[in-house]
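As given, the protein sequences belong to chains A and B, one line each in that order.
Heads up: the first sequence begins at 68 in the numbering used here, then just goes up one per residue.
Heads up: the second sequence begins at 68 in the numbering used here, then just goes up one per residue.
Worksheet: one structure, shown below.
Protein chains: 2
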Amino acid sequence: MNIAVAQSGGPTCAINASLLGVIKEALKVPHIGTIYGSVNGIEGIINDHLVDLKTAIRTNEDMELLRQTPSTVLGSCRYKLPEESENADVYKTITECFDRHDIKAFFYIGGNDSMDTVNKLSKYFKKIKKDIKVIGVPKTIDNDLCETDHTPGFGSAAKYVATSVQEIARDSSVYSIKSVTIVEIMGRHAGWLAASSCALHANGEEAPHLIYLPECEFSIDRFLRDVGEKLEQYKAVIVVVSEGITLGNAAETEVHQADGFGHLALSGIGKQLEKIVAERFSIKVRSIELNVMQRCASHISSRTDINEAEKIGSAAVVAALNGETGKMMAFRRILDMPYTVVIEPIDAEKVANKERFFPKKWINYDQNNVKDEALPYFLPLIQGEQIIKMQNGLPVHYKVGNILD
Amino acid sequence: MNIAVAQSGGPTCAINASLLGVIKEALKVPHIGTIYGSVNGIEGIINDHLVDLKTAIRTNEDMELLRQTPSTVLGSCRYKLPEESENADVYKTITECFDRHDIKAFFYIGGNDSMDTVNKLSKYFKKIKKDIKVIGVPKTIDNDLCETDHTPGFGSAAKYVATSVQEIARDSSVYSIKSVTIVEIMGRHAGWLAASSCALHANGEEAPHLIYLPECEFSIDRFLRDVGEKLEQYKAVIVVVSEGITLGNAAETEVHQADGFGHLALSGIGKQLEKIVAERFSIKVRSIELNVMQRCASHISSRTDINEAEKIGSAAVVAALNGETGKMMAFRRILDMPYTVVIEPIDAEKVANKERFFPKKWINYDQNNVKDEALPYFLPLIQGEQIIKMQNGLPVHYKVGNILD
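Quick look at the structure:
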């Protein structure tokens with residue numbers, strides 16, 4: 068029998084580590100022949116664009132480089148698998164590809180959209196009585212998947228965000244004049260990544276002085292009052308805002324483009340708030356977008372995150388061999404300290420197309436910061452650094468082009 | 068006798084290492100009593116706001132933290148010292164402060180504006196026959212100071228920029244659709260930092276496919292033709308633009324605010340080019356500003372840069388003790404490989420208020436990239452990483468507040 072693996076959705080620092088986990092576990096199994104990589108997610112299955120991963124990733128060095136390379140070495144997609152009732156042909160095409168290559172298990176590394184694919188495909192194979200296992204491996208920097216304690220990729224993104232916000236706090240405090248610095252953080256409709264910047268508080272930092280999450284209703288009046296109060300207390304006020312907050316009718320969030328799932332790419336809230344603050348207060352105001360570096364800054368990835376990403380990839384292979392299908396592998400936390408998690412399969416259906424939000428219990432009364440009670444949740448996820456192989460003073464990457472060219 | 072040291076201009080990752088160099092060298096000299104830190108640059112001398120650095124920085128651990136902390140622990144300023152003919156009082160105030168505290172040497176860590184202050188003050192002290200030595204220590208991520216091979220802070224900024232652009236290149240290549248990603252890089256009117264992104268080419272990267280520097284005239288027509296050509300060759304085109312390029316009459320660069328020296332804060336060129344590309348080509352376009360992280364991302368600072376920054380701070384103290392004044396310490400490169408530099412004093416007057424530009428000989432014929440001949444210049448400056456002390460998964464900083472509160 069052969070297996071196939073694909074990566075989908077937005078890149079992270081950990082998604083190639085999960086791919087590595089799948090490969091390394093599959094290599095241990097004598098009756099697994101070819102390990103196919105599907106190029107550009109499920110589209111590679113549909114278009115029969117597969118690569119032989121045993122050929123592409125040969126040496127221990129290849130594996131080490133893959134682990135430290137951000138983004139998706141197999142490419143990605145935003146393809147939404149239609150219902151069978153809408154398009155039966157695509158299900159047939161997928162099945163034909165699997166049959167043609169004797170693929171008996173398919174691993175899909177992705178977010179809640181990918182788990183929708185896992186759910187639909189596994190149900191289809193059950194219905195047509197075909198023994199092909201479909202297992203999801205979670206990934207997203209947004210940490211918004213249901214039924215799992217956290218998602219691979221999130222810890223590294225959180226480490227980069229907290230590290231950068233701390234450095235920005237140093238940078239912003241040098242002049243004697245008052246200032247406000249607004250840092251816009253990814254996370255779509257969930258505030259996890261913006262909230263994780265509270266990790267600085269564990270190191271005795273006052274910054275971020277204000278954190279705004281999409282889980283709370285945002286009011287410009289309250290925001291300006293908050294900023295005014297902090298400006299009385301601090302010379303350089305650091306504000307973290309999640310891209311997902313909305314200004315309501317008062318102002319329109321600049322909207323860039325919608326992807327295949329109809330998601331809108333959110334952007335521009337930091338810049339808008341910069342203008343609003345500058346109009347109200349005669350002080351220096353700056354807004355900073357950490358942009359895609361949040362999901363690809365593997366040079367400061369969390370060792371915990373990368374190790375877990377590899378383990379959950381391995382666990383997916385074990386689960387498929389145990390006969391599971393239609394599942395996503397999930398982390399269940401046993402203890403905050405010493406940090407202990409177990410990996411177990413949960414129904415992909417419970418994750419598909421759903422979002423998990425930052426808990427209200429960890430948001431302060433004024434809805435403008437995160438309580439210290441959230442620290443035991445966040446801190447274990449950002450522990451440890453990777454030892455990065457460097458060349459010419461720069462990290463070495465496993466080149467996507469090696470496979471994608 | 069006592070000495071004083073101050074930091075000025077925009078923050079870098081290396082400016083505290085230079086401060087550490089001054090402190091460590093001064094500690095070796097028995098007849099130096101107090102080491103004063105002047106808070107917020109020369110303004111601390113004018114306002115008599117000094118701190119005792121032997122008290123503030125006591126332990127080896129303090130020193131290690133200072134070395135890994137970005138920005139200016141003593142604060143900064145953008146104060147332009149007027150000519151004596153315009154304002155004799157400020158010269159008297161400064162002299163009184165030095166006399167009151169028995170300060171016989173003043174070290175000013177900063178850029179070309181600070182060297183203007185070094186030049187003016189040292190000339191004034193010579194004129195009034197006062198034996199106070201004034202020595203400049205260079206710093207700027209822009210690398211635009213004359214008479215020195217490079218400036219402390221530049222190597223770390225270049226390492227962050229190249230590392231981030233490489234990660235952005237991975238991130239941008241995951242989807243099967245064509246895309247253009249525009250990365251805007253600091254550097255004011257000089258292209259050094261944007262040009263340094265060519266370091267990726269040493270690692271076999273094709274990106275950046277296009278690099279635009281303020282040293283060349285920028286034409287939107289040629290830019291669009293270049294982008295079109297690269298889109299035929301590559302799926303994901305990475306364009307690096309220096310903030311200092313101007314679109315000419317065709318479009319106005321968004322201008323934010325002017326500092327005390329009348330410099331305009333440049334911004335927005337990346338966003339403007341994003342719009343221009345999006346209008347011409349029906350593809351995905353994104354612009355990214357690396358923003359202040361370029362000057363404060365000490366978690367990925369260059370060990371070469373930080374070590375050199377400390378050494379040049381030490382050398383400044385040695386020079387003052389040798390009777391030098393009105394000088395800036397400068398690097399003279401002896402060899403690219405093995406990389407060898409010497410530190411020597413040069414006239415601050417030759418640096419004051421001047422800019423040094425990226426050499427035309429290293430720009431390609433089409434004026435849209437950097438030749439490989441520039442690599443032996445850039446690569447030594449980004450070599451090596453700092454071992455960063457971490458706590459709770461984040462770098463530990465020497466808190467500005469310890470001194471500034």
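Beta carbons are placed, not taken as given, at the ideal position from N, Cα and C, and that holds for glycine.
{"Asked": "Note down, in chain order, every chain B residue with its Cβ under 7 Å from the Cβ of residue 238/A.", "Found": "78, 137, 138, 359, 362, 363"}
{"Asked": "Got a sec: is the Cβ-Cβ distance from residue 220/A to anything in chain B below 7 Å?", "Found": "no"}
{"Asked": "Note down, in chain order, each residue of its chain lying with its Cβ closer than 8 Å to the Cβ of residue 371/B, except the 5 sequence neighbours on either side.", "Found": "222, 406, 447, 448, 449, 450, 451"}
{"Asked": "Straight-line CA distance for residue 182/B to residue 391/B?", "Found": "15 Å"}
{"Asked": "Using a Cβ cut-off of 9 Å, pull out every chain B residue sitting near residue 144/A, in sequence order please.", "Found": "241, 242, 243"}
{"Asked": "Would you kindly work out how many angstroms separate the C-alpha atoms of residue 208/A and residue 177/A, rounded to a whole number?", "Found": "11 Å"}
{"Asked": "Could you check the C-alpha separation between residue 213/B and residue 419/B for me, to the nearest Å?", "Found": "9 Å"}
{"Asked": "Could you tell me if residue 288/B is buried or exposed, where buried requires 16 or more neighbouring beta carbons within 10 angstroms of its beta carbon?", "Found": "exposed"}
{"Asked": "Rounded to whole angstroms, what is the Cα-Cα separation between residue 281/B and residue 338/B?", "Found": "17 Å"}
{"Asked": "Could you say if the region 366–384 of chain A and the region 346–356 of chain A meet the contact criterion of at least three C-beta pairs nearer than 8 Å?", "Found": "no"}
{"Asked": "Spatial neighbours of residue 358/B within its chain, please: CB distance less than 7 Å, with the 5 preceding and 5 following residues excluded, ordered by chain position.", "Found": "none"}
{"Asked": "What is the residue span of the beta strand (DSSP E) that residue 397/A lies within?", "Found": "394–402"}
{"Asked": "Closer than 8 Å is the cut-off here; do at least three beta carbon pairs connect the region 160–179 of chain B with the region 122–132 of chain B?", "Found": "no"}
{"Asked": "Let me check understanding here. Comparing Cα to Cα, which of 144/B, 113/B, 199/B lies closest to residue 542/B?", "Found": "Absent from the structure is residue 542/B, since the part of chain B shown begins at 68 and ends at 472."}
{"Asked": "Which chain D residues sit within Cβ distance under 9 Å of residue 356/B?", "Found": "Going by chain labels, chain D is absent from the structure shown, which instead holds the protein chains A and B."}
{"Asked": "Quick one: is residue 73/A near chain B, going by C-beta distance under 7 Å?", "Found": "no"}
{"Asked": "On the DSSP bridge assignment, give the partners of residue 203/A in chain order.", "Found": "175/A, 395/A"}
{"Asked": "From residue 253/A to residue 335/A, what does the alpha carbon distance come to, in whole angstroms?", "Found": "11 Å"}
{"Asked": "Tell me the DSSP secondary structure of residue 330/A in three-state form.", "Found": "Any reading at residue 330/A needs caution, since the residue's pLDDT is 49, under 50, leaving its predicted position unreliable; the model's value is listed next. Note: residue 330/A maps to coil in three-state DSSP."}
{"Asked": "Pick helix, strand or coil for residue 432/A, following the three-state DSSP scheme.", "Found": "coil"}
{"Asked": "Excluding the 5 residues preceding and the 5 following residue 442/B in the sequence, name in chain order all residues of the same chain whose CB lies nearer than 8 Å to its CB.", "Found": "265, 266, 268, 269"}
{"Asked": "Looking at the unbroken alpha helix (DSSP H) that takes in residue 156/B, where does it start and where does it end?", "Found": "155–167"}
{"Asked": "Express the C-alpha separation of residue 279/B and residue 187/B in angstroms, rounding to a whole number.", "Found": "36 Å"}
{"Asked": "Could you spell out the range, first to last residue, of the beta strand (DSSP E) harbouring residue 306/A?", "Found": "303–309"}
{"Asked": "On the DSSP bridge assignment, give the partners of residue 458/B in chain order.", "Found": "461/B"}
{"Asked": "Here's the rule I'm using: 16 or more other beta-carbon atoms within 10 Å means buried, otherwise exposed. How should residue 401/A be labelled?", "Found": "exposed"}
{"Asked": "Closest Cβ-Cβ distance between residue 366/A and chain B: below 7 Å?", "Found": "yes"}
{"Asked": "With 16 as the cutoff for other CB atoms within 10 Å, does residue 195/A come out buried or exposed?", "Found": "exposed"}
{"Asked": "Taking only beta carbons into account, state which residues of the region 169–201 of chain A come closer than 9 Å to chain B, listed in chain order.", "Found": "none"}
{"Asked": "What residue range does the beta strand (DSSP E) around residue 251/B cover?", "Found": "246–252"}
{"Asked": "Can you give the Cα-Cα distance for residue 364/A and residue 426/B, rounded to whole angstroms?", "Found": "31 Å"}
{"Asked": "Just to confirm my understanding: we take residue 136/B, look at its own chain, exclude 5 residues before and 5 after, and list those with CB closer than 6 Å. What are they?", "Found": "83, 464, 465"}
{"Asked": "From the DSSP output, in three-state form, read off residue 146/A for me.", "Found": "coil"}
{"Asked": "Cβ atoms of residue 78/A and residue 138/A: under 7 Å apart, would you say?", "Found": "yes"}
{"Asked": "Flag residue 107/B as yes if its beta-carbon sits less than 7 Å from any beta-carbon of chain A, otherwise no.", "Found": "yes"}
{"Asked": "Would you kindly check if the distance between the Cβ of residue 111/B and the Cβ of residue 69/B is under 7 Å?", "Found": "no"}
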